[in-house]
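Visitor: Residue numbering for the sequence shown follows UniProt numbering, beginning at 1 and increasing consecutively.
The beta carbon of each residue, even a glycine, is placed where N, CA and C say it ideally should be.
The structure follows.
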Amino acid sequence: NVVGIVRTSEEWSWRYAKSPYFEPEMIQIAEDVEKNKIVGAIHVNLVEDIIFNSKNYLIGDINDVSCHPDYIRNGIATNLMEMAMEYMKKRNCDLSILTADYKGFARSKIYLKLCPNLLLTPQKG
1 NVVGIVRTSE EWSWRYAKSP YFEPEMIQIA EDVEKNKIVG AIHVNLVEDI
51 IFNSKNYLIG DINDVSCHPD YIRNGIATNL MEMAMEYMKK RNCDLSILTA
101 DYKGFARSKI YLKLCPNLLL TPQKG
C-alpha cells in the first residue's frame, strides 16, 4: 500500500544523506528503465554496535521497504530485501531488525520466506 509517512526534502536529507552513518549502499532503488520510473526502494538506516549481556553486537535496521502498487508480485521487494541483507552481511552485522505488520502480506510472503528463523513479536494494536 502507499499509506505512510510523507517526508519533506529536509527530513529526507537529514535521515539519509546527512546522517553521520550514511553510506550510499544503504539505499537500494528499483527502476522501470523503460518508463524511467522508480518502482521500489529499501533503506538500511542503522548499522551500530549494541551491548547486550556484556557482548557487542553489530545491528542493521531494515527500513522503508516499498514497492509501487502497479509493480507488486514481481519480486521487487524480495530482491530489495536480498540486497539489504547482502549489505548487512558485507558489514558483518550480527543481527538485523525489521518492523512489519504482524498480519501483513509482506511478512508472510517476503520476510519469513527470506528469513525462516525470524523472531516476530505480535504488536498490540
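1. Taking the C-alpha atoms as reference points, what is the distance between Ile50 and Asp64?
2. Does Glu23 come out as helix, strand or coil in the three-state DSSP assignment?
3. To the nearest angstrom, report how far apart Lys90 and Ile110 are at their CA atoms.
4. Can you tell me the Cβ-Cβ gap for Val39 and Tyr71, rounded? I've got them flagged as a contact below 8 Å.
5. Have a look at Thr78 and His68 and give me their C-alpha separation to the nearest angstrom.
Guide: The short version:
1. 22 Å
2. coil
3. 21 Å
4. 4 Å
5. 13 Å
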